[in-house]
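Enquirer: If you use full-length UniProt numbering, the sequence shown corresponds to residues 1 to 367, in order.
No residue lacks a Cβ here, since even glycine has one placed at the ideal position from N, Cα and C.
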Amino acid sequence: MKVLMIAPKTSTFINFRGDLIRDMVKHGCEVVVAVPESGYETVFEKLGAKQRLIHLEKNSLSVFGSLSYMTNLKRIMKEERPDKVFSYTIKPVIFGSLAAKLAKVPEIYSMVTGLGYLYAVDSAKTKLLRAICGMGYRLAFHFNKRVIFQNKDDITDFVKRHYLKREKCCLVDGSGVNLEIFKRNALPEDNHFLMVSRVLKQKGVLEYFEAAKMVKEVEPEAKFTYIGAIDQTSYSVKMEQLVPYIEAGIVEYIPETNDVAKYQSQARFFVLPSYYREGIPRTLLEALAMGRPILTTDTVGCREAVEDQVNGLFVKPKDAKDLAEKMLWMMRHPEECIKMGEAGYELCKRRFDVRIINREMLSFMEI
Numbered sequence: 001m002k003v004l005m006i007a008p009k010t011s012t013f014i015n016f017r018g019d020l021i022r023d024m025v026k027h028g029c030e031v032v033v034a035v036p037e038s039g040y041e042t043v044f045e046k047l048g049a050k051q052r053l054i055h056l057e058k059n060s061l062s063v064f065g066s067l068s069y070m071t072n073l074k075r076i077m078k079e080e081r082p083d084k085v086f087s088y089t090i091k092p093v094i095f096g097s098l099a100a101k102l103a104k105v106p107e108i109y110s111m112v113t114g115l116g117y118l119y120a121v122d123s124a125k126t127k128l129l130r131a132i133c134g135m136g137y138r139l140a141f142h143f144n145k146r147v148i149f150q151n152k153d154d155i156t157d158f159v160k161r162h163y164l165k166r167e168k169c170c171l172v173d174g175s176g177v178n179l180e181i182f183k184r185n186a187l188p189e190d191n192h193f194l195m196v197s198r199v200l201k202q203k204g205v206l207e208y209f210e211a212a213k214m215v216k217e218v219e220p221e222a223k224f225t226y227i228g229a230i231d232q233t234s235y236s237v238k239m240e241q242l243v244p245y246i247e248a249g250i251v252e253y254i255p256e257t258n259d260v261a262k263y264q265s266q267a268r269f270f271v272l273p274s275y276y277r278e279g280i281p282r283t284l285l286e287a288l289a290m291g292r293p294i295l296t297t298d299t300v301g302c303r304e305a306v307e308d309q310v311n312g313l314f315v316k317p318k319d320a321k322d323l324a325e326k327m328l329w330m331m332r333h334p335e336e337c338i339k340m341g342e343a344g345y346e347l348c349k350r351r352f353d354v355r356i357i358n359r360e361m362l363s364f365m366e367i
């Protein structure tokens, strides 16, 4: 059995789906991956997969670019002749599904890993793009055997919008986390807060930086680290907005890292004040695996990983003052935070272990 997997970004695909590739190979599948960046051939070979390069302008609205992407996907499918196609995120799902139909691939599967800023922001532009994407989703899902979601809210939303029928929907608890890589360790003594995300406004980045400033005015020994690459979209936070906090020593900024686990192990608390339409944020799962108490919002995707006052605290979206107050509470209640970290780790073992998630994924794809 041959499976073609289509991804929007090579590095995150390896980090988030590398274990899934391994499990497919263990089940006897020949795996081919269609990705946009080169330089990862050796990594895929070690995972047991073959790499095919395909150009993708992820944030472009070009009709020509999208049609070219679909045409090239169809060509790859004709050459590889897969039995199943699996894709995730908007462009790979829509154009991958249509290409698979045109290439007469027997089975098509998609994964919705959250709805993103299109469904988190209500502007004239996003409303127009939602309408266009909605038509694309509706057409693409018509050809899918199953569509895998990461939270119930997204299923309800898509069914309500008539993108697909509920019978095609499957649910998993996020992408899962490898407990051998993100190993639980004791909470450090330092009051060190960590946030990891893309540098998008809807991720709550500005709220985190401003809350850090407020906390350091009261507790100057508190430490704050932020890891995230600048996104080239209109919804990205601009670097000049962050520079004053960085230069003042309020927040340590790290653009990118291949070793998030190292930074998770150094931090006592994990923060994600997101109001983005998440699936289930992978960074939250990594923090749970390492036994970290969490500060996040009671919003779609985030609430799936955190129970308020059990393994973390909910903060109000878009409210730096509330976030700062909750940070101070955690700093001043060390015993409660230890219990929260333990509860989060137990939750992770029970629901978010990547081995559990991948078993469900393979079952849904009949592998």
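For Glu-256, I'd like the list of residues in its chain whose CB is within less than 7 Å of its CB, leaving aside the five on either flank, ordered along the chain.
Expert: Start at 1 with the first residue of the sequence shown, and residue 256 comes out as number 256. Answer for Glu-256: Ala-229, listed in chain order.
Enquirer: For the beta strand (DSSP E) that contains Arg-146, what are its first and last residues?
Expert: The residue labelled residue 146 in the question sits at position 146 within the sequence shown. Arg-146 -> beta strand (DSSP E) spans 146-149.
Enquirer: Under 8 Å by Cβ, that's how I've got Val-205 and Val-237 pegged, so tell me the actual separation to the nearest angstrom.
Expert: Translated into the one-based positions of the sequence shown, residue 205 becomes position 205. Translated into the one-based positions of the sequence shown, residue 237 becomes position 237. Sure, about 5 Å apart at Cβ, within 8 Å.
Enquirer: Identify the continuous beta strand (DSSP E) that holds Gly-312 and give its terminal residues.
Expert: Taking the first residue of the sequence shown as position 1, residue 312 is located at position 312. Unbroken beta strand (DSSP E) run through Gly-312: 312-315.
Enquirer: In or out: Val-310 buried (at least 16 other Cβ within 10 Å) or exposed?
Expert: Position 310 of the sequence shown, counted from the first residue, corresponds to residue 310. It is exposed - the Cβ of Val-310 has fewer than 16 other Cβ atoms within 10 Å.
Enquirer: Under 6 Å Cβ to Cβ from His-192, same chain only, skipping five residues before and after it: list those, please.
Expert: Along the sequence shown, read from residue 1 onward, the residue named residue 192 stands at position 192. Result list for His-192: Lys-223, Ala-267 and Arg-268, in chain order.
Enquirer: Applying the 10 Å Cβ sphere with the 16-neighbour rule, what's the burial state of residue 372?
Expert: Residue numbering for the chain in the displayed model covers 1 to 367; residue 372 lies beyond these limits and cannot be assessed.
Enquirer: Could you round the C-beta distance between Ser-68 and Ile-6 to whole angstroms and report it? I think they count as a contact, below 8 Å.
Expert: Here residue 68 refers to the residue found at position 68 when the sequence shown is read from its first residue. Here residue 6 refers to the residue found at position 6 when the sequence shown is read from its first residue. Incorrect: roughly 15 Å between the Cβ atoms, too far for contact.
Enquirer: Which of the three DSSP states, helix, strand or coil, is assigned to Phe-269?
Expert: Taking the sequence shown and counting its residues from 1, the one referred to as residue 269 is at position 269. In the structure shown, Phe-269 sits in a strand (DSSP, three-state: E or B).
Enquirer: So, helix, strand or coil for Gln-202, using DSSP?
Expert: Position 202 of the sequence shown holds residue 202. Helix at Gln-202.
Enquirer: Going straight from the alpha carbon of Leu-164 to that of Gln-150, what length do you get?
Expert: By 1-based counting over the sequence shown, the position of residue 164 is 164. By 1-based counting over the sequence shown, the position of residue 150 is 150. So the alpha carbons of these two residues sit roughly 16 Å apart.
Enquirer: Taking Cβ positions, are Tyr-276 and Lys-203 nearer each other than 8 Å?
Expert: Within the sequence shown, residue 276 is the residue found at index 276, counting from 1. Within the sequence shown, residue 203 is the residue found at index 203, counting from 1. Going by C-beta atoms, Tyr-276 is nearer than 8 Å to Lys-203.
Enquirer: Can we say the segment 333-347 touches the segment 142-158, given the rule of at least three CB pairs closer than 8 Å?
Expert: no
Enquirer: By the three-class DSSP mapping on this structure, what secondary structure does Thr-89 have?
Expert: Position 89 of the sequence shown, counting from 1, holds the residue named residue 89. Three-state DSSP puts Thr-89 in coil, outside helix and strand.
Enquirer: I'd like to check one pair, Ser-110 with Asn-144: are the Cβ atoms closer than 8 Å?
Expert: Position 144 of the sequence shown, counted from the first residue, corresponds to residue 144. Position 110 of the sequence shown, counted from the first residue, corresponds to residue 110. The answer is yes: Cβ separation under 8 Å.
Enquirer: With which residues is Tyr-226 paired in a DSSP beta bridge?
Expert: Here the question's residue 226 lines up with position 226 in the sequence shown. Answer is Met-195 and Tyr-253, bridged to Tyr-226.
Enquirer: List the whole-angstrom C-beta distance separating Gly-174 from Gly-279, where the pair is believed to meet the contact cut-off of C-beta under 8 Å.
Expert: Locating residue 174 in the sequence shown gives position 174, where the first residue counts as 1. Locating residue 279 in the sequence shown gives position 279, where the first residue counts as 1. That pair is a contact at about 6 Å.
Enquirer: Please report the Cβ distance between Arg-52 and Ala-34, rounded to the nearest whole angstrom; I am assuming they are in contact, meaning their Cβ atoms lie under 8 Å.
Expert: Position 52 of the sequence shown holds residue 52. Position 34 of the sequence shown holds residue 34. Contact flag correct, Cβ pair sits at about 5 Å.
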